[in-house]
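Residue numbers for the sequence shown follow our numbering, so the first one is 324 and each next one is one higher. Notes follow the structure.
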Amino acid sequence: MAIFSVYVVNKAGGLIYQLDSYAPRAEAEKTFSYPLDLLLKLHDERVLVAFGQRDGIRVGHAVLAINGMDVNGRLFAIGSQLSPEQGSSGIEMLETDTFKLHCYQTLTGIKFVVLADPRQAGIDSLLRKIYEIYSDFALKNPFYSLEMPIRCELFDQNLKLALEVAEKAGTFGPGS
């Protein structure tokens, strides 16, 4: 079991922290206007070409924009708009056969996103632990400005330690 990635997104939707525990493969990127005769799918928070080929775009390439609108980082907003429940706060978990995307949104609008193996247990408690680490090592850092990228060595170290514990044990106890 594994935890693939951790992301922290500010309330404006900007990525302020990213930790990947795998090496991403290189992608070819092009911008085309709509309509595309391609089949697209969502994978690891990216829209990828699943079927079709046109002007150098091949299966597996990432789509960055459609009609000039950025498609990355829109998962939470799309989930809120598509939800049948009024006042939905967005996606809490998205499950596929290869990964689970877990999202925890705080009352202040900060979102913690974890991509993990579908069999990985204890992600909800891990998300709360990540929020605790964020509060202790980013927010209490006198050099950190809200909504800005997190560049704090203690935050990095404690987050990596929490991920190791989660991968080995699967859960966090009430006292950790």
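Yeah, the Cβ is synthetic: ideal placement off N, Cα and C, and Gly gets one too.
Taking the straight line between their C-alpha atoms, what separation do you get for residue i and residue j?
i, j, result
"C475", "L430", "23 Å"
"G413", "D459", "26 Å"
"E470", "T421", "31 Å"
"Q480", "F327", "17 Å"
"F466", "I473", "10 Å"
"A346", "F478", "Its pLDDT being 42, under 50, A346 is placed unreliably by the model, and the measurement read from it follows with that caveat. Cα to Cα, the separation comes out at about 21 Å."
"S468", "Y454", "16 Å"
"C426", "N464", "24 Å"
"G432", "G337", "11 Å"
"L484", "P441", "21 Å"
"E415", "L342", "19 Å"
Taking the beta carbon of residue i as the centre, do at least 16 other beta carbons fall within 10 Å, making it buried, or is it exposed?
i, result
"L486", "buried"
"K452", "buried"
"A461", "buried"
"A492", "exposed"
"N390", "Caution is warranted here: a pLDDT of 46 is assigned to N390, below 50, making its placement in the model unreliable, and no coordinate value can be reported."
Between residue i and residue j, how many whole angstroms is the CB-CB distance? I'm expecting something under 8 Å.
i, j, result
"V329", "L482", "7 Å"
"S434", "Q443", "For clarity, residue 434 is Lys in the given sequence; the question names Ser instead. K434 to Q443, Cβ: 19 Å. No contact."
"A325", "A439", "7 Å"
Do you know whose CA, among the options, lies nearest residue i's CA?
i, options, result
"K364", "Y467, T419, Y454, Q480", "T419"
"E490", "K334, L417, A335, I446", "I446"
"L450", "L424, D343, G336", "L424"
"Y340", "P465, V488, I456", "I456"
"S448", "L342, V488, D343, G337", "V488"
"S344", "G337, L417, L338, V437", "V437"
(message) For a minimum of 4 consecutive residues, which ranges assigned as the alpha helix (DSSP H) are wholly contained in the region 406 to 485?
(response) Look at the region 406 to 485 and you find these whole runs of alpha helix (DSSP H), each 4 residues long or longer: 446 to 457.
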